[in-house]
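Residue numbers (my numbering), protein chains in the order written: chain A, 3 to 179; chain B, 244 to 552.
For glycine and all other residues, C-beta sits at the position ideal for the given N, C-alpha and C.
Predicted, not measured: the structure shown is a model, and the values here were computed from it.
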């Protein structure tokens, strides 16, 4: 539980940094999407149960919607879909190494941008070709920062990994006959 | 015991559990989808949770923005100064160029003013004058001569011993002429001699150059008027010089030697013209005809010509 809360807090902090950078940087499209990267990390890591990861994805998506002034539920829906996609990739593919992470994040970020644009089209006029260009640029920026966010995720996992005490270690032992 | 432990660490999944996972998956996708559908109708509406999160996040965001802006300012102002140095170099070079331009403009303005005064002096009624440009200074301290270039075609009209003037006063006499060039013997040359007068007292004196010094020696006439000469008195050319216009400024008394009442009193005169900075001079070709006696003011010294009074 503390792991999930820590991920939420880290995601919230990264979202604040992201929204601040969007104000300061001249090219908005070059600001990565750290919350999406956290969601993908949760999907790709085998330590996470599916339903807890999906709830975390919904919460992070909801925070993204709130801070990004997007229709509430849009990023939550996209993130939970991408979480399940990552979970499927984790089960079916060999998901080791930073090269796979970067490529997978690039693909997922572009897919996520495309889905967000589709969802946005429900509430506002379509953005056109420029919107796809922005999605590609943001996907590239997101993929480029994937190793950093995945490193943060692994650190959180290491901090929150519970070391079994002596009694638990005894209960795990299989009696040898 | 062993079976329980294995099932706790992910043993074979039961079909019921698969259905449960599928159900949870569909539910967790449907919740945000329904949430989105509900919020698309009124996207601006915020509930108390939204407002609470935004209230918490806004000051954090503001502080973060300040921190990042401060860090960027620190970086740009104190660390990343490479472009500032380059800009500094460019500005320094531009500043030097502008200073040079300004100095040149000042020089040109001064030259224009000088030419204007020379034109006035040349067009002064009475004497015909020709302009000349100084092209070389004296090479030896024993022969105080400058080389000049006369206006094109005026060389033949210039003769030896013609007086040469500058804006500030007397320069000397023409020593020799070759084509449109010539040498001017400066008034401070030891071999040149002029008759001068102190307009304030009417005292006459004979001026000649002091060897090795940029000054004149002035031998004052004996008499009461000579006793009145003091440091700072102006000296001008007198009417006793051959081919020399009257009342041209020569210089000022810098020192008076000898006590009052003696037969000879000498004075040192500082020339009005700075010979080291001569650039343009005027050669007096001919003197004006003498004025009728009645038109001349009686006992009234004429105002000296030249800029220094």
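Leaving out the 5 sequence neighbours to the left and right, which residues in its chain are closer than 6 angstroms to residue 371 of chain B when beta-carbon positions are compared? 528 and 529
State the Cα-Cα distance for the pair residue 425 of chain B and residue 413 of chain B, rounded to the nearest angstrom. 17 angstroms
Quick one: is residue 106 of chain A buried, meaning 16 or more other Cβ sit within 10 Å of its Cβ, or exposed? buried
Name, please, each residue of chain A whose Cβ falls closer than 8 angstroms to the Cβ of residue 303 of chain B. 18
Can you grab the Cα-Cα spacing for the pair residue 574 of chain B / residue 265 of chain B, in whole Å? Since the displayed chain B opens at 244 and closes at 552, residue 574 of chain B lies outside it and no answer follows.
Which of the three DSSP states, helix, strand or coil, is assigned to residue 326 of chain B? Of the three classes helix, strand and coil, the one that applies to residue 326 of chain B here is helix, per DSSP.
Answer yes or no: does any C-beta atom of chain A fall closer than 9 angstroms to that of residue 258 of chain B? no
Near-chain B residues of the stretch 70-81 of chain A - C-beta to any C-beta below 9 angstroms: 71, 72, 73, 74, 75, 76, 77, 78, 79, 80 and 81
Give the C-beta separation of residue 415 of chain B and residue 427 of chain B to the nearest angstrom, bearing in mind that I take them to be a contact with Cβ-Cβ under 8 angstroms. At roughly 5 angstroms, the Cβ-Cβ gap stays under 8 angstroms, so residue 415 of chain B and residue 427 of chain B are in contact.
For residue 300 of chain B and residue 21 of chain A, I'd like the C-alpha separation in whole angstroms. 11 angstroms
Cβ of residue 22 of chain A within 9 angstroms of any chain B Cβ: yes
If I follow the unbroken beta strand (DSSP E) through residue 300 of chain B, where does it start and stop? Careful: residue 300 of chain B lies outside any beta strand (DSSP E), inside the alpha helix (DSSP H) at 291-317.
Would residue 322 of chain B count as contacting chain A if we go by Cβ distances under 9 angstroms? no
Verify the CB distance criterion: does residue 279 of chain B have a CB-CB separation below 9 angstroms to chain A? At least one CB of chain A lies nearer than 9 angstroms to the CB of residue 279 of chain B.
Measuring alpha carbon to alpha carbon, tell me which of B:334, B:417, B:395 and B:398 ends up nearest residue 404 of chain B. B:417
At which residue ranges does the stretch 418-502 of chain B contain complete beta strand (DSSP E) runs of 3 or more residues, listed in the order of the chain? 424-429, 436-441, 446-452, 459-463, 477-480 and 492-500
Could you check the C-alpha separation between residue 523 of chain B and residue 509 of chain B for me, to the nearest Å? 32 angstroms
For residue 2 of chain A, which of A:43, A:49 and A:85 has the nearest alpha-carbon? Because chain A is modelled from 3 through 179, residue 2 of chain A falls outside the range shown and cannot be assessed.
Between residue 317 of chain B and chain A, is there a C-beta pair that is closer than 9 angstroms? no
Measuring only the C-alpha atoms, how far is residue 422 of chain B from residue 374 of chain B? 15 angstroms
Identify the residues that DSSP records as bridge partners of residue 393 of chain B: which are they? Paired residue(s): B:375.
In whole angstroms, what separates the C-alpha of residue 482 of chain B from that of residue 476 of chain B? In this model, residue 482 of chain B and residue 476 of chain B are separated by some 19 angstroms (Cα to Cα).
Helix, strand or coil for residue 519 of chain B, going by three-state DSSP, please let me know. helix
Against residue 269 of chain B, what residues of chain A qualify as contacts under a CB-to-CB distance less than 9 angstroms, listed in chain order? For residue 269 of chain B, no chain A residue has a C-beta closer than 9 angstroms to its own C-beta; the minimum C-beta separation is roughly 10 angstroms.
Give a yes or no on whether 9 angstroms exceeds the smallest Cβ distance from residue 522 of chain B to chain A. For residue 522 of chain B, the answer is no, since every Cβ of chain A falls outside 9 angstroms of its Cβ.
How long is the line joining the alpha carbons of residue 283 of chain B and residue 70 of chain A, rounded to whole angstroms? So the alpha carbons of these two residues sit roughly 15 angstroms apart.
Contact belief for residue 4 of chain A with residue 162 of chain A at Cβ below 8 angstroms, rounded distance in angstroms: 6 angstroms
N- and C-terminal bounds of the beta strand (DSSP E) containing residue 509 of chain B: Residue 509 of chain B -> beta strand (DSSP E) spans 508-514.
Going by the DSSP bridge assignment, what does residue 15 of chain A pair with across the sheet? Per DSSP, none; premise fails for residue 15 of chain A.
With 8 angstroms as the limit, tell me which residues of the stretch 46-57 of chain A have their beta carbon closer than that to any beta carbon of chain B; keep them in chain order. 52, 53, 56 and 57
Determine the DSSP secondary structure at residue 5 of chain A, reduced to helix, strand or coil. helix
Assign residue 408 of chain B to one of three DSSP states: helix, strand, or coil. strand
Contact criterion: CB-CB distance below 9 angstroms. Does residue 152 of chain A meet it with respect to chain B? no
Presumed contact (8 angstroms Cβ cut-off) between residue 478 of chain B and residue 439 of chain B, rounded CB distance: Right, their Cβ atoms sit about 4 angstroms apart.
Starting from residue 275 of chain B and walking both ways along the alpha helix (DSSP H), at which residues does that stretch end? 258-284
For residue 416 of chain B, does the three-state DSSP call read helix, strand or coil? strand
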